[in-house]
Amino acid sequence: MVADRSYRSYTTYRPYTAILCPFLMTLTDLQQKLRDRIRSAARETFGVEVQQLSVEAPPRAELGDLAFPVSFELAKLIKQATGEKQNPRAIAERLKSQLEDIDEVSRVEIAGAGYINVFFDRARLLNLFAGPTRSVPKQLDQPKQMVEHTSINPNKAAHIGHVRNAVLGDTFVRILKAAGDRVEVQNYIDNTGVQVADVVVGFLHLEQMDLNQIKALDASLNKDYPFDYYCWDLYTRVGLFYRDGNAGGDMNPEKVKLRNDVLHALEEGGNEIAELADYVATRNVECIIDTMERLGIRYDLLARESDILHLHFWERAFQLMKDKGVIRYETAGRHAGCWVMPFESHTGTDEHESDKIIVRSNRTVTYTGKDIAYQLWKLGKLGLDFNYKVFRDYPDGHVLWVTKTEPGTERPQFGGGVTVYNVIDSRQSYPQEIVARGVAAVVPEIGEDASVHFSYEMVALSPAACEELGIELSDEDRSRPYIEMSGRKGLGVKADDLINQLEAGALTEVEKRNPDLSENDKKATAHEVAVAALRYFLLKFTRNTVIAFDFKEALSFEGETGPYCQYAAVRTNSIFRKLGNETVAAADALIEQVVSDGALQARVAEVLSGDSGTEIWSLLMLSQQLEEVIAQCRNSAEPANLAKYTFALARSFSRFYHDHRIITEEDEVRRGVLIAVTKVIRTQLTNALAILGINVPEQM
RNA sequence: GCACUCGUAGCUCAGUUGGAUAGAGCGUCUGACUUCGAAUCAGAAGGUCGCAGGUUCGAGCCCUGCCGGGUGCACCA
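First residue of the first sequence? That's 164 in the numbering used here, and the numbers climb one at a time after it.
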């Protein structure tokens, strides 16, 4: 029986870990050591320099712990350098002895057409992995990574698509932090846009309410139907209102004028409508932040568009763009009177078809223009700054700030990131590309790579999900693979509704399994399970996969789900709860002696050999890949890798748990090994889950 | 029309600079609870990796063409 090897991981060299704590070695360090040895051996033996040196996990545990396909690469290099043709297998044979000298390596085999397969000294590595772990160093002087996510229009409740954005962004933030990065999290608040204006039109012209009446309404709403839910419904009513009650009809120009009037009032600021809109937007932001808090998602700064306008960020950016010749004024053609950003790379049939308008002929700025200004600020290249005030203080000391226009004494350092990740759905990839190019044109030294569009596909509704929601579909919609959610049409699954449903489902399960828990503990546990289910569900898909939302799948706690992973971690905890401190201490002491006691080392090696031992060993090796999986997720900006890895680890542990009795094991050495392995898995699995934003309850 | 993206088991999806016998979950079928908690584990069935060429010692992955989904290409935000 062989443990799960399906999760295969490859390493990337990370210079910033190699310099730390030389006495605490991780699997990543060990791999690096082997690579260095191969590089120097290739240099000395064949006189060639290997550029990229990949490490693989062999497909089956019997083939070894690490595989280097370097001989194939070397054969090419040698041929290039000398013209001499060498057999990859022969090359591998000559490198073999160099690796066998290393302490942690027990033997090396050449396999297949020339793979160099390395087998580790299992007892020795168990000792290493079970020893003290290295914590991620916090380097405050490190360059800052900026991540913007969530950025929901503050005119309605968040739906499941918004949650995908927030969970992806938040998990990526956790990945960056786990990799040792300094990170600042922003949530952009478009409080002067059309969507807020629409809800304001609703309050003013449908509800005939003034600010005081809205406040009174807000105070009268209960938590089952809060302010953002009210706005959700009002927003869809406004959509119909514009179209004179016909959802598919055209906009009535007179009613559109109402929207434009509100919009102008918002942009101007300092009037009653703007004050009313500010209340509505701020209340929606509060509701959305509360929703995200339920999922463990937080921010450092809320950057408001109204402050970008009033602090004249755009005017500064406009000046910079003119100075650098990034935009030009068109005097003729169909863009006459506009400032445009020319694009030569596109080969449109029209001469200037692909030019992007930044300032319209009526002298207003496009969204892209404003975005370039904001992006310049994020990168510390605008030369202007916001003012700030505290938006919310959390009990644990975290502080959420919000921008403001009026000067203030408090002025923390925000912005000025070396890289900016914008978590925005893939439909925005064209405008995002223009922002990146515009910024790079203004500040050539930072280049386009400083602006990263962290794109993801939308969450859509499966036809089945629509039926469950009681949404009537047209024949055209029914033939589609999925139906896009629409805030304007009120078509979507509200985030809080789904979380409530998940919590209720989890509570039923918890009550079944742990009837003796207090009501509060049951609820708290159900909450953690619900968060695990939702976050994992949204993370297990890669970013460019459209999620066709399915209730059955999202509400499941079995199979490849968050609760499954949680459950495995809960089991590790319950083992230690039952073991007792002395037994654990004895196991620790035993494993610690392995390096100095030859007889003991042989016994431990014996436990880790054979089919059963190899399964245990494979689990241990898998657990040590967390560090490189984090690095890989950081480089690829793909949190799904971590989700898949975590599941593979939980799965592998579940099998181990099933195959071995840990507490009742009578053989002292064997028990020591099983306990040490369980302890290592508990640490790694709990850490991996924490990065996914999933907590491990005591029981579940 | 142009650009981007996807097409892998009945369904939903992984599959990393090309590398060893293409993997999970769900569903179906067969087993395992006098339990370190079955939200679990074991086993079986299930594949022309959209199609056709090409490059390579080697292609699910790279190149070309085609077919079929999706998204984006406004003086909207």
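All residues carry an ideal CB built from backbone N, CA and C; glycine is no exception.
key: Residue(s) in a DSSP beta bridge with Ile279   = Phe231, Ile273
Rounded separation between Gly402 and Gln376 - CA only = 22 Å
request  = Tell whether a beta-carbon distance below 8 Å holds between Glu801 and Thr191.
outcome  = no
ask   = Which residues in the same chain have their Cβ closer than 8 Å to the Cβ of Arg287, if we skip the five residues on either side of it in sequence?
value = Asp266, Glu267, Val757, Val758, Gln764
request  = Could you tell me if Pro575 is buried or exposed, where buried requires 16 or more neighbouring beta carbons within 10 angstroms of its beta carbon?
outcome  = exposed
request  = Provide the residue span of the alpha helix (DSSP H) that contains Ala440, from first to last.
outcome  = 435-457
key: Val744 to Asp556 span [Cα, whole Å]   = A quick correction: the sequence has Asn, not Val, at residue 744. Approximately 39 Å, taken between the alpha carbons.
request  = Ignoring anything shorter than 3 residues or poking outside the stretch 572-628, list the beta strand (DSSP E) runs there in chain order.
outcome  = 582-588, 614-619, 622-624
ask   = Quick one: Cα of Asp513 to Cα of Ile490, how far?
value = In this prediction, Asp513 has a pLDDT of 43, which is less than 50 and means its spatial position is unreliable; nothing more can be read from the coordinates.
query = Just curious, the beta strand (DSSP E) that Ala341 is in, first and last residue?
reply = Per DSSP, Ala341 belongs to no beta strand (DSSP E); it is in the alpha helix (DSSP H), 323-341.
ask   = CB-CB under 7 Å to Cys629, same chain, minus the five flanking residues each way: which ones, in chain order?
value = Leu636, Ile646
ask   = Can Trp395 be considered in contact with the ligand ATP, in the sense that its beta carbon sits closer than 7 Å to one or more heavy atoms?
value = Of ligands this structure carries none, so the ligand ATP is not represented either.
request  = To the nearest angstrom, report how far apart Phe115 and Lys418 are at their CA atoms.
outcome  = Only positions 164 to 863 of the chain appear in this structure, which leaves residue 115 out of reach.
query = Grouping DSSP H, G and I as helix and E and B as strand, with all else coil, what is Leu852?
reply = helix
query = Alpha carbon to alpha carbon, how far is Asp518 from Val528?
reply = 15 Å
ask   = Between which two residues does the beta strand (DSSP E) containing Thr189 stretch?
value = Counting along the chain, Thr189 falls outside any beta strand (DSSP E), and DSSP gives it neither H nor E.
ask   = Using the C-alpha atoms, what's the distance from Gln194 back to Tyr176?
value = Legend: pLDDT at Tyr176 = 29, less than 50; position of this residue unreliable, no value from coordinates given.
request  = Provide the residue span of the alpha helix (DSSP H) that contains Lys533, from first to last.
outcome  = 530-541
query = Nearest-angstrom Cα distance between Arg845 and Gln795?
reply = 22 Å
key: Asp264 versus Ala204: straight-line alpha-carbon distance, rounded   = 12 Å
inquiry  = Checking the sheet assignment: what are the DSSP bridge partners for Lys567?
reply    = Asn550
ask   = If you draw a straight line from the C-alpha of Ala238 to the C-alpha of Gly275, how long is it?
value = 15 Å
inquiry  = Counting beta carbon pairs with one atom in the stretch 486-505 and one in the stretch 437-456, are three or more of them shorter than 8 Å?
reply    = no
inquiry  = Please report the straight-line C-alpha distance between Glu212 and Glu608, rounded to a whole angstrom.
reply    = 31 Å
inquiry  = Am I right that Ala731 and Ala813 are in contact with their C-beta atoms under 8 Å? What's the rounded C-beta distance?
reply    = 4 Å
task = Use the C-beta contact count for Val494: other C-beta atoms within 10 angstroms, 16 or more gives buried, fewer gives exposed.
result = Sequence inspection shows Thr at residue 494; the Val mentioned does not correspond to that position. Answer is exposed; the Cβ neighbour count stays below 16.
task = Compute the beta-carbon to beta-carbon distance between Arg698 and Ile451, rounded to the nearest angstrom, for a pair I have assumed lies under 8 Å.
result = Between Ile451 and Arg698 the Cβ distance is about 17 Å, and since that is not below 8 Å, they are no contact.
request  = Look up Glu829 in the DSSP assignment and say whether it is helix, strand or coil.
outcome  = coil
message = Buried or exposed for Thr510, going by 16 or more other Cβ atoms inside 10 Å?
response = Reliability of the predicted coordinates at Thr510 is poor, the pLDDT of 38 falling under 50, and no value is obtained from them.
key: Counted within 10 angstroms of its Cβ, other Cβ atoms place Leu384 as buried (16 or more) or exposed   = exposed
message = Tell me the rounded alpha-carbon separation between His325 and Arg446.
response = 17 Å
ask   = Where does Ser203 fall in DSSP's three states?
value = helix
key: Selected residue, minimal CA-CA separation from Ala536, among Phe481, Ser618, Arg824   = Phe481
request  = Classify Val218 as helix, strand or coil using the three-state DSSP reduction.
outcome  = coil
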